[in-house]
Amino acid sequence: MKSIKKISLIILLMVLTSAASNAQKEELFFRAAGSPPDPKVQASWNKYYTNAGIYDLCSKLAKAYPNLVSLESIGKSYQGRDIWLLTISDKKAGNPDKKPGYWIDGNIHSIELQGTEMALYTAWYLCEMYNTNTFIKELLAERTFYIAPTINPDAREYFTSVGVPPRSGLAPRDNDRDGLFDEDGFDDLNGDGEISQMRRKNPEGNYIVDPKDNRRMIRVEPGQKGEYELLGQEGIDNDGDGLVNEDGPGGYDGNRDWGFNWEPNYIQSGADKYPFTFPENQAVRDFLLKHRNIAGAQSFHNSGGMILRGPSTQSGYAEAYSRADDAVIEALGKTGEKILPGYRLLTVWKDLYSVYGGEVDWMHGAMGCFVFSNELWTPYLMFYDTTNTDQYEFDRLLLFEDAFIPWQKINHPVYGEVEIGGFSKNYGRLHPGFLLESDAHRNAAFCIYNAYHLPKLEVTKVTVKNLGGGLKEVSATIENKRMVPTHSASNLRYKIDPPDYVYIEGAQSVLAGMIVENEDLNICREQKKNPARIEIENIPGYLGGGAQTGGGGFAGGRSPGAAGNSNIIKVKWIVKGGDRYTVRVESVKGGTASAQSN
Numbered sequence: 001m002k003s004i005k006k007i008s009l010i011i012l013l014m015v016l017t018s019a020a021s022n023a024q025k026e027e028l029f030f031r032a033a034g035s036p037p038d039p040k041v042q043a044s045w046n047k048y049y050t051n052a053g054i055y056d057l058c059s060k061l062a063k064a065y066p067n068l069v070s071l072e073s074i075g076k077s078y079q080g081r082d083i084w085l086l087t088i089s090d091k092k093a094g095n096p097d098k099k100p101g102y103w104i105d106g107n108i109h110s111i112e113l114q115g116t117e118m119a120l121y122t123a124w125y126l127c128e129m130y131n132t133n134t135f136i137k138e139l140l141a142e143r144t145f146y147i148a149p150t151i152n153p154d155a156r157e158y159f160t161s162v163g164v165p166p167r168s169g170l171a172p173r174d175n176d177r178d179g180l181f182d183e184d185g186f187d188d189l190n191g192d193g194e195i196s197q198m199r200r201k202n203p204e205g206n207y208i209v210d211p212k213d214n215r216r217m218i219r220v221e222p223g224q225k226g227e228y229e230l231l232g233q234e235g236i237d238n239d240g241d242g243l244v245n246e247d248g249p250g251g252y253d254g255n256r257d258w259g260f261n262w263e264p265n266y267i268q269s270g271a272d273k274y275p276f277t278f279p280e281n282q283a284v285r286d287f288l289l290k291h292r293n294i295a296g297a298q299s300f301h302n303s304g305g306m307i308l309r310g311p312s313t314q315s316g317y318a319e320a321y322s323r324a325d326d327a328v329i330e331a332l333g334k335t336g337e338k339i340l341p342g343y344r345l346l347t348v349w350k351d352l353y354s355v356y357g358g359e360v361d362w363m364h365g366a367m368g369c370f371v372f373s374n375e376l377w378t379p380y381l382m383f384y385d386t387t388n389t390d391q392y393e394f395d396r397l398l399l400f401e402d403a404f405i406p407w408q409k410i411n412h413p414v415y416g417e418v419e420i421g422g423f424s425k426n427y428g429r430l431h432p433g434f435l436l437e438s439d440a441h442r443n444a445a446f447c448i449y450n451a452y453h454l455p456k457l458e459v460t461k462v463t464v465k466n467l468g469g470g471l472k473e474v475s476a477t478i479e480n481k482r483m484v485p486t487h488s489a490s491n492l493r494y495k496i497d498p499p500d501y502v503y504i505e506g507a508q509s510v511l512a513g514m515i516v517e518n519e520d521l522n523i524c525r526e527q528k529k530n531p532a533r534i535e536i537e538n539i540p541g542y543l544g545g546g547a548q549t550g551g552g553g554f555a556g557g558r559s560p561g562a563a564g565n566s567n568i569i570k571v572k573w574i575v576k577g578g579d580r581y582t583v584r585v586e587s588v589k590g591g592t593a594s595a596q597s598n
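Position 264 of the sequence shown, counted from 1, bears residue number 264 in my numbering, the numbering being contiguous throughout.
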């Protein structure tokens, strides 16, 4: 009896202790609006993830949210590293690959590190908000996100461990055309894991130390005596050809490798032997071609605070942009400017420079996607002021000079005594830690906004009219309730995807099927073959989208005089037999929807 009382007392104490512990735990935090209240997967957003860290976070998300997340390797890099991909969607609400899809990738350029963090944050946020936020829950029921945090893992490894890599991956190239490959890259002369600037005292030099800030080098005025000359980044002449750092690792541009509007290196610097030379881009291409449901995309780069849209060449070359497509892209991008203070919506060729063989053009021209490429980080974020973008002052006032490597004397084998120092490789183009999460959230919100506006099809009305003689007329209305059409102009021009199909089921036989072009005048266009499956060239979004047909009508079967909105398609059938009919619409990029007659 005493033993039972003792055990009961111990259990009671354990329960009380646990309750007290939980109460204390709950009192430690008060939820901030828009943030996950109790994340299953703890993540840090004020630092940059290594390749090992990327896999660790992705695998934890997949384990914590098996009904939302699938993790797979879509291929290998040149050096054999996995290119990881997260597929995020509510699996219970349907096959993820049958829903409208949104693609996100980052870090195609090795020095543009934070694209990975933007992609990872989006994945983490979608998962952690799913159970508590109605909007996110509904979004993942209707949409699928395909997120590749880094599509250049080799150079990311180099950046986070060895030094400053090129923009490219690490496939060897003979940049100085001497028959040797990657034989004269940067050298970490002081062993600090950085590749800094070199300066040497020289009274005939063009620079002096700023008397107000000894970190800064300023150019001398005409007639003024100098103190230093700048010698470039750390390095020696490894191959004895009289040049320093002229043939480092890699040396091509992965964003000039895509098989659309591609040009060779003598026209487009950075292009290689032929389109899709490199295994990383091949892996992305192959995955996308197998997932035609992807209707929108974002590729993260840096820097400059830009929301870039195509076309990337003045003529557009083979790309097709309609006025309706432009209206959709501009509307999405202008909202992006609101979401991302300091970022500007720009057209690549017109506001930046021409790019041949870029990912944006391939995604639009070959996949038919509505795509943006955000150039992350803008100096505006330093002081929220376009007139004050002094990175030395920002480092001093907000980072306490943590981003600057003090000048250090070393003996150089060619130049003699030099000084090495300057800003760290994690400063200038990359977000400082305390601003990383804020910009990650804003860029994630822009992606989520774009994904929300992918096509959402609904069969809004199915009516039946008795014609007599055993015949009935079944009418249906199909509406796209979002901004993006089911087919872009390029999609229509090159027939990238099949048309949208509208099926009728439940009839003994279907005698005729037609698209209503003008309901008021009862003008219809009959489909002679296979009337039970009506083909719709395009279902525009509520801003239009797609291309005009050559016959004076609009893609999707509407004429200029048709009543109603351009995002509404009306069809009808003459059928025999049956009492209840199901109308189902299937679209590669618009998903599926159905409704029954009463």
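Don't be surprised by glycine CBs; every beta carbon is placed ideally from N, CA and C. All values reported here derive from a predicted model rather than from experimental measurement.
{"query": "Alpha carbon to alpha carbon, how far is residue 75 from residue 364?", "result": "23 Å"}
{"query": "With a threshold of 7 Å on Cβ separation, who are the neighbours of residue 213 within its own chain once the five nearest residues in sequence on each side are excluded?", "result": "392"}
{"query": "Would you check if the distance between the CB atom of residue 140 and the CB atom of residue 126 is smaller than 8 Å?", "result": "yes"}
{"query": "How many Å lie between residue 554 and residue 404 at the Cα?", "result": "In this predicted model, residue 554 has a pLDDT of only 30, less than 50, meaning its place in the structure is not dependable; the value taken from the coordinates is given anyway. So the alpha carbons of these two residues sit roughly 59 Å apart."}
{"query": "Below 8 Å between beta carbons: does that hold for residue 332 and residue 453?", "result": "yes"}
{"query": "So, at 7 Å on beta carbons, what are the nonlocal neighbours of residue 418 in its own chain, with the 5 sequence-adjacent residues on each side left out?", "result": "198, 199, 200, 231, 410 and 412"}
{"query": "Would you give the residue range spanned by the beta strand (DSSP E) that residue 44 belongs to?", "result": "It is not in any beta strand (DSSP E) - residue 44 carries neither H nor E in the DSSP assignment."}
{"query": "With three or more beta-carbon pairs closer than 8 Å as the criterion, would you say the segment 254 to 267 touches the segment 188 to 198?", "result": "no"}
{"query": "Where does the unbroken beta strand (DSSP E) through residue 246 begin, and where does it stop?", "result": "No beta strand (DSSP E) contains residue 246, which DSSP labels as neither H nor E."}
{"query": "Taking the C-alpha atoms as reference points, what is the distance between residue 252 and residue 593?", "result": "45 Å"}
{"query": "Among the residues of its own chain, which have a CB less than 8 Å from the CB of residue 541, if the five just before and after it don't count?", "result": "328, 453, 455, 480, 482, 483, 484, 485 and 567"}
{"query": "For residue 323, is the classification buried or exposed, using 16 other Cβ atoms within 10 angstroms of its Cβ as the cut-off for buried?", "result": "exposed"}
{"query": "So the candidates are 497, 525, 544 and 462; which of them puts its Cα closest to the Cα of residue 505?", "result": "462"}
{"query": "Of all the alpha helix (DSSP H) runs that stay within the bounds of the segment 327 to 391, which reach a length of 4 or more residues?", "result": "359 to 365 and 380 to 383"}
{"query": "Taking the alpha carbon of residue 202 as the point to measure from, which residue in 219, 228 and 62 has its own alpha carbon closest?", "result": "228"}
{"query": "When burial is assigned at 16 or more other CB atoms within 10 Å of the CB, is residue 443 buried or exposed?", "result": "buried"}
{"query": "Pop quiz: residue 173 and residue 497 are said to be a contact at Cβ under 8 Å. What is the actual Cβ separation, rounded to whole angstroms?", "result": "Wrong, their Cβ atoms sit about 37 Å apart, outside the cutoff."}
{"query": "Determine whether the beta carbon atoms of residue 151 and residue 27 lie at a separation below 8 Å.", "result": "no"}
{"query": "Nearest to residue 511 by CA position, among 492, 493, 537 and 472, is which residue?", "result": "472"}
{"query": "Please give the ranges of any alpha helix (DSSP H) in the segment 388 to 447, keeping only runs that are unbroken, at least 4 residues long and fully inside the region.", "result": "391 to 398"}
{"query": "Can you give, in chain order, each stretch of the beta strand (DSSP E) that sits fully within the segment 479 to 519 and has at least 3 residues?", "result": "500 to 505 and 509 to 518"}
{"query": "Classify residue 585 as buried or exposed, calling it buried when 16 or more other Cβ atoms lie within 10 Å of its own Cβ.", "result": "buried"}
{"query": "Let me check one thing: in DSSP terms, what residues is residue 299 bridge-paired to?", "result": "105"}
{"query": "Which whole runs of the beta strand (DSSP E) in the segment 212 to 290 are 3 residues long or more, in chain order?", "result": "217 to 219 and 228 to 233"}
{"query": "Please state if the CB of residue 113 and the CB of residue 158 are separated by a distance shorter than 8 Å.", "result": "no"}
{"query": "By the three-class DSSP mapping on this structure, what secondary structure does residue 450 have?", "result": "helix"}
{"query": "Decide if the segment 101 to 118 is in contact with the segment 129 to 140; the criterion is three or more beta carbon pairs, one per stretch, under 8 Å apart.", "result": "no"}
{"query": "Quick one, which of 299, 436 and 388 has its alpha-carbon nearest residue 374's?", "result": "299"}
{"query": "Please report the distance separating the alpha-carbon of residue 261 from that of residue 368.", "result": "15 Å"}
{"query": "Mind the definition here: the segment 238 to 256 touches the segment 162 to 170 only if three or more C-beta pairs lie below 8 Å; say whether that holds.", "result": "yes"}
{"query": "CA-CA distance, residue 24 and residue 390?", "result": "Per-residue confidence for residue 24 stands at a pLDDT of 47, beneath the threshold of 50, marking its modelled position as unreliable; the derived number appears in the next sentence. Going from the Cα of residue 24 to the Cα of residue 390 covers about 45 Å."}
{"query": "Distance check for residue 180 and residue 386, CA to CA, integer angstroms please.", "result": "45 Å"}
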